[in-house]
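**Student:** First to last, the sequence lines map onto chains A and B.
Numbered continuously in this note's numbering, the first sequence closes out at residue 514.
Numbered continuously in this note's numbering, the second sequence closes out at residue 1321.
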Amino acid sequence: MGRRFAAILAVCALSLLMCTAAVAAEKSLVIGLASDALFMDPSQQDETITNTMGRFMYDGLFNSDPRGIPVPGLATSWSVGDDNLTWTFALRKGVKFHDGSDFTAEDVAYTIDVCRTSLLKNFTASIKEVRIVDPHTVKIITSVPTAILLESLVPLRILPKAYRTKVGPEKFNQAPIGTGPYIFQEWVKEDHITMKGNDAYWGGAPKIAKVTMRPISNAATRTAALLTGEVDIIEDVPVRDVEKVKGTKGFEVIDRPSERLIYLHVDANRPKGAGIIGLDRNPFNDIRVRKALSLAINRDAIVKMIMNGNAYATNQLVLEGRRGYTKKIPAPAYDPAEAKKLLAEAGYPDGFKIYLDAPNGRYVNDGQVAQALASQLTKVGIQIELRLHPKSVFFDFVRPGDKSSLVMTGWSEPIDVGEMASVLFYTRGKNPAKGGSNRGHYANPEFDKLIDSADATADPAKRAAILEDAAALIVADGGVVPLYFQQDLYGRKEGIAFTPRSDKSILAYEMDVK
Amino acid sequence: MLTYLLKRVFQMFVVLFMVSVIVFCVMSFTGDPVLMIVPPTATDAQIAEARVALGLDRPLWDQYAVFLRNLLHGNLGVSYMFKRPALTLIVERMPATLELVFLSIVISLAIALPCGVFAGARPNNALSRAIMGGSLLGISLPSFWVGILLIFYFAVEKGFLPSSGRGTTGTLFGIPFAFLTWDGFKHIILPAFTLALGTLAMLIRLIRAQIMEVMRQDFIRFARAKGVTWRSLLFSHALKNALVPVVTVFGLQVGSLIAFATVTETIFAWPGMGKLLVDSINTSDRPVIVAYLMIVAAMFVAINFIVDIVYTMIDPRVDLR
């Protein structure tokens, strides 16, 4: 009897072993995310996780590499006509959607049409017309020369015209198909999204065959799920858990600078600033006061003490490698004595009193950073009354730019300084498409001219040169005070090959499991 | 009885109407949803356009009238963020919350009844003192902290139970439930216990106090003199008479379990409707918030109605008129 039992046990063990062997042959990955996707349909919202799904299951005419630089996706080559407006794209041949239907120029035109009326319309703003030349050639005609056209095409993930029109947008969002490296399987809201590798992918079959995404919004729970082995990689490791993950055998923390810049908007131009207490003029009109503002801030201390070293003090507007990053901007200096002197020269030997408006709970440790700023600025005489706002009301409060002269906020720029500046620093009211979020009412005709000329060229290199001048100009002029770039933190099991991306997507297609 | 029923149903509608008015007014103070939806690069024209598309350019009373009209057609509005009906979003997530709440109720009753009765019958026993001390902890410890602690002990340190999520679900009447599979059951234990803790502790204290009160009464002494066994005395004579206030409080507690599930669900990444509420508040997704509060208010009212009916079953002296 005992022997028979042992034999059964052995057979069981053997079959179990074979099972695991069969599973091991197929690599899988579980990703722990900070939130669920809003949509599976990439044309509906420009949001981090929705965009990530767009990169898993779809292609754009261009995709982006980990640094955020466009690389050919469904377009194989392109050329710009002599008018600087007509772009001709040759489309990849033999590409199929996940339902087996062919990808053609019709799908490109359809996608751009859909995005024109969706929340992605800012990416199609410069596109005047899409002309289908033949099934594998498409012409895009822009209304003005557009150096950033390729970047603008990346978020427009190509939708299957036939399928999406047949089932309708609502059903499509629940059961989407694209041409991308992963095929949609299941989406249980707030619990998991599963996908399987597309072996017929034009770029080659993915190494990881099965991907599960789990939204775990509580940061401590996300860390726990990594440490128990339930997930293989997580995004947004909370700063307080970094040491714990690093100290646990078999786990690693990876970081990279985030595109998100935290900075101060300064009302440099209006004679009467809002939110200045007990003064009928605006001290920031004087460039010496704006210079003093930047000199009074000890960015390194903020990074070290409040961000635990998980941030990068800066005086730049964008990360290195983006158009508008320039060596012409000197590294930030901290000199409270000089700041005091400049304030006295400007006629404020005893300083002045002003509100600082900042969000609380929108960016990493934002409330504490604002408190540190308040104490540093108050030390040199810029006496801060701090107003912290919950995230849901903050942007409502600062957007009109009529309640505050000093606002701490953040901006994540995926393209270049030109895109950022035309929203944030271009003179308000001059051009309906620009300056909408100019919360500091910065108005500098010279700066506007630079932005306009950058937006009038179709040559990316020329645009880059102009934007470097523009960035150097506004930082020197004190129209904006950059503070630091945030850090993206990932936790992973050892043996997972992963390079973090500027857009924060954890893309299984670029990864491998050992 | 029929008049009573009609009266209650009428009251229910009055309550729900008032809830809708209050919720609607409060919502208008919680930030501009339009700015949460449009991309940060949006121009003023795009923002204005989005405002019109969502109907937020109208005065508040007009928005409310539209809401009421839609409500009468069974339409609770469309989520700004997900662009899907708010009711669908909530109903999709409701089974997860209800199963969590249901298991919490089972856990709290299964532990609170024997513990409470014992502590009430033998107040000076060392075990009773331990139970009472424990219940004090259960009341005073915040659930988000207990949840994290349980995750780190049982999932990270010991590896007995999974840390988060719902695991594999089985299907009953076409609805997915986690407790139907072993994997799903392992996933539900920690969140259900965390959620139950507060209610459990409170019920123990309440049952104990009631039992102590009842045990002093004459009919208990009679029953003992008559030779009723100790167990039957406690559970059928004493407990039954101690139960009326317990049922009232319990009814209210079921409501707050549904409400507190928001916190527990967020900690354990449990895909229920409470987590949807937290996300919706963060994004000012008004239709979802309003729909959620209306549904929970309706549940509250319904539970209290059921509690009133249950009274008459426990205590025939209670008259529903």
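A virtual CB, placed ideally from N, CA and C, is assigned to each residue, including glycine.
Everything numeric in this text was worked out from a predicted model, so none of it was measured.
Taking ASP459/A as the reference, give the member of VAL95/A, MET40/A and ALA147/A with the closest Cα.
**Tutor:** As a position in the first sequence, residue 459/A is number 459, starting the count at 1. Of VAL95/A, MET40/A and ALA147/A, the residue nearest in Cα terms is ALA147/A.
**Student:** For ILE183/A, which beta-bridge partners are listed by DSSP?
**Tutor:** Position 183 of the first sequence, counting from 1, holds the residue named residue 183/A. In DSSP, ILE183/A forms a bridge with LYS196/A.
**Student:** Give the C-beta separation of THR409/A and ALA1269/B to the nearest angstrom, bearing in mind that I take them to be a contact with Cβ-Cβ under 8 Å.
**Tutor:** Here residue 409/A refers to the residue found at position 409 when the first sequence is read from its first residue. Here residue 1269/B refers to the residue found at position 269 when the second sequence is read from its first residue. The pair is not a contact, with the Cβ atoms about 30 Å apart (cut-off 8 Å).
**Student:** What's the C-alpha gap between PRO145/A and TRP78/A?
**Tutor:** Reading the first sequence from its first residue, position 145 is the one you call residue 145/A. Reading the first sequence from its first residue, position 78 is the one you call residue 78/A. Whole-angstrom Cα-Cα distance: 15 Å.
**Student:** Quick check for students: name the residue ranges of the beta strand (DSSP E) that lie wholly in the segment 245-325 of chain A, counting only runs of 3 or more.
**Tutor:** 251-266 and 311-313
**Student:** Between the segment 1290-1304 of chain B and the segment 1273-1282 of chain B, can you find at least three pairs of beta-carbon atoms closer than 8 Å?
**Tutor:** yes
**Student:** Spatial neighbours of SER118/A within its chain, please: CB distance less than 7 Å, with the 5 preceding and 5 following residues excluded, ordered by chain position.
**Tutor:** Position 118 of the first sequence, counted from the start, is the residue given in the question as residue 118/A. SER43 and GLN44.
**Student:** Between ILE69/A and chain B, is any beta-carbon pair separated by less than 9 Å?
**Tutor:** What you label residue 69/A is simply residue 69 of the first sequence in a count that begins at 1. Chain B, which has no Cβ nearer than 9 Å to the Cβ of ILE69/A, makes this no.
**Student:** Let me see if you follow: with CB-CB separation under 9 Å, is ARG116/A close to chain B or not?
**Tutor:** Taking the first sequence and counting its residues from 1, the one referred to as residue 116/A is at position 116. Judged by the 9 Å Cβ criterion, ARG116/A is not in contact with chain B.
**Student:** For GLU206/A, count the other beta carbons within 10 Å of its own beta carbon; 16 or more makes it buried, fewer makes it exposed. Which is it?
**Tutor:** Taking the first residue of the first sequence as position 1, residue 206/A is located at position 206. The sequence shown places Pro at residue 206/A, rather than the Glu named in the question. By the 10 Å Cβ count, PRO206/A comes out buried.
**Student:** Mind checking if ILE1344/B is an interface residue toward chain A, Cβ cutoff 9 Å exclusive?
**Tutor:** As displayed, chain B neither begins before 1001 nor continues past 1321, which places residue 1344/B out of reach and without an answer.
**Student:** Based on Cα-Cα distance, which residue from ALA370/A, LYS327/A and VAL289/A lies nearest to GLU345/A?
**Tutor:** Translated into the one-based positions of the first sequence, residue 345/A becomes position 345. Considering only alpha carbons, the answer is VAL289/A.
**Student:** Under the rule that 16 or more other beta-carbon atoms within 10 Å means buried, what is ALA532/A, buried or exposed?
**Tutor:** What the structure shows of chain A is the stretch from 1 to 514, and residue 532/A is not part of that stretch, so it cannot be assessed.
**Student:** Beta-carbon separation of ILE977/B and PRO1162/B under 9 Å?
**Tutor:** Residue 977/B is absent from the model: chain B starts at 1001 and stops at 1321.
**Student:** Given that GLY1159/B touches chain A, what residues does it touch there, using C-beta distances under 7 Å?
**Tutor:** The sequence position of residue 1159/B within the second sequence is 159, counting from 1. In chain order: THR228.
**Student:** Residues in the same chain with beta-carbon distance under 6 Å from ASP1315/B, minus the five sequence neighbours each way, listed in chain order, please.
**Tutor:** As a working note, residue 1315/B is residue 315 in the second sequence. Answer for ASP1315/B: VAL1244, listed in chain order.
**Student:** Between GLU190/A and SER1236/B, what straight-line distance do the alpha-carbon atoms span, to the nearest angstrom?
**Tutor:** Taking the first sequence and counting its residues from 1, one reaches residue 190/A at position 190. Taking the second sequence and counting its residues from 1, one reaches residue 1236/B at position 236. Their Cα atoms are separated by approximately 45 Å.
**Student:** Under 7 Å Cβ-Cβ, which residues of chain B neighbour ALA147/A?
**Tutor:** Along the first sequence, read from residue 1 onward, the residue named residue 147/A stands at position 147. Near ALA147/A there are no residues of chain B at all, since even the closest Cβ is about 17 Å away, more than 7 Å.
**Student:** Alpha carbons only, please: which of ASP512/A, ALA90/A and THR194/A is nearest the one belonging to THR1168/B?
**Tutor:** For the purposes of this step, residue 1168/B is identified with residue 168 of the second sequence, where counting begins at 1. It is THR194/A.
**Student:** Listed from N- to C-terminal order along the chain, which residues in the segment 1069-1102 of chain B have their beta-carbon within a distance smaller than 9 Å of any beta-carbon of chain A?
**Tutor:** Residues passing the 9 Å Cβ filter: MET1081, PHE1082, LYS1083, ARG1084, LEU1089, GLU1092, ARG1093 and ALA1096.
**Student:** Inspect the beta-carbon positions of GLY491/A and ILE254/A and report whether they are closer than 9 Å.
**Tutor:** Reading the first sequence from its first residue, position 491 is the one you call residue 491/A. Reading the first sequence from its first residue, position 254 is the one you call residue 254/A. Against a cut-off of 9 Å, the Cβ pair of ILE254/A and GLY491/A comes out as a contact.
**Student:** Locate the beta strand (DSSP E) running through PRO432/A, then write down its first and last residues.
**Tutor:** Walking along the first sequence from the start, residue 432/A turns up at place 432. From DSSP, PRO432/A is part of no beta strand (DSSP E); its letter is neither H nor E.
**Student:** Identify the contact partners of GLY1170/B in chain A, using a Cβ-Cβ distance below 7 Å as the criterion.
**Tutor:** Translated into the one-based positions of the second sequence, residue 1170/B becomes position 170. Result: empty, since nearest Cβ-Cβ is about 13 Å, beyond 7 Å.
**Student:** Are the segment 51-68 of chain A and the segment 148-163 of chain A touching, with three or more C-beta to C-beta distances below 8 Å?
**Tutor:** Counting C-beta pairs with one atom in each stretch, the segment 51-68 of chain A and the segment 148-163 of chain A have three or more that are closer than 8 Å, which means they touch.
**Student:** For TYR363/A, report the span of its beta strand (DSSP E) as first-last.
**Tutor:** The residue you call residue 363/A lines up with position 363 of the first sequence. No beta strand (DSSP E) contains TYR363/A, which DSSP labels as neither H nor E.
**Student:** Are the beta-carbon atoms belonging to PHE284/A and ALA296/A less than 9 Å from one another?
**Tutor:** Sequence index remark: in the first sequence, residue 284/A carries index 284 (1-based). Sequence index remark: in the first sequence, residue 296/A carries index 296 (1-based). Taking 9 Å as the Cβ cut-off, PHE284/A and ALA296/A do not qualify as a contacting pair.
**Student:** Is the beta carbon of ASP99/A less than 9 Å from the beta carbon of TYR182/A?
**Tutor:** On the first sequence, residue 99/A is found 99 positions in, with the first residue counted as 1. On the first sequence, residue 182/A is found 182 positions in, with the first residue counted as 1. Not in contact: ASP99/A and TYR182/A (Cβ atoms no closer than 9 Å).
**Student:** Drop a sphere of 10 angstroms on the beta-carbon of GLU170/A, count the other beta-carbons inside from all chains shown, and report buried for 16 or more, exposed for fewer.
**Tutor:** If you number the first sequence from 1, residue 170/A lands on position 170. GLU170/A is exposed by the Cβ-count criterion.
**Student:** For PHE97/A versus THR179/A, is the C-beta distance shorter than 9 Å?
**Tutor:** Counting from one through the first sequence, the residue named residue 97/A turns up at place 97. Counting from one through the first sequence, the residue named residue 179/A turns up at place 179. Result yes, Cβ atoms of PHE97/A and THR179/A sit closer than 9 Å.
**Student:** Is there at least one Cβ from chain B nearer than 9 Å to LYS121/A's Cβ?
**Tutor:** In the first sequence, counting from the first residue as 1, residue 121/A sits at position 121. LYS121/A counts as touching chain B.
**Student:** Taking its Cβ as the centre, do 16 or more other Cβ atoms sit within 10 Å of CYS115/A, making it buried, or is it exposed?
**Tutor:** On the first sequence, residue 115/A is found 115 positions in, with the first residue counted as 1. Result: buried.
**Student:** Looking only at C-alpha atoms, which of VAL481/A, PHE498/A and PHE425/A sits nearest to LEU467/A?
**Tutor:** Within the first sequence, numbered from 1, the residue matching residue 467/A stands at position 467. Of the candidates VAL481/A, PHE498/A and PHE425/A, the one whose C-alpha sits nearest the C-alpha of LEU467/A is PHE425/A.
**Student:** Please confirm whether LYS391/A has its beta-carbon closer than 9 Å to some beta-carbon of chain B.
**Tutor:** Within the first sequence, numbered from 1, the residue matching residue 391/A stands at position 391. Yes, its Cβ sits closer than 9 Å to a Cβ of chain B.
**Student:** Anything in chain A within Cβ reach of SER1143/B, meaning under 9 Å, just list it in chain order.
**Tutor:** The sequence position of residue 1143/B within the second sequence is 143, counting from 1. The premise fails here: SER1143/B is roughly 12 Å from chain A at the closest Cβ pair, so nothing lies under 9 Å.
**Student:** Looking at chain A, which residues of the segment 1260-1272 of chain B have a Cβ within less than 9 Å of any of its Cβ atoms?
**Tutor:** GLU1265, THR1266, ILE1267, PHE1268, ALA1269, TRP1270, PRO1271 and GLY1272
**Student:** Starting from the beta carbon of ALA220/A, find every residue of chain B whose beta carbon is closer than 7 Å, and list them in chain order.
**Tutor:** Locating residue 220/A in the first sequence gives position 220, counting from the first residue. Within 7 Å Cβ-Cβ: ILE1148.
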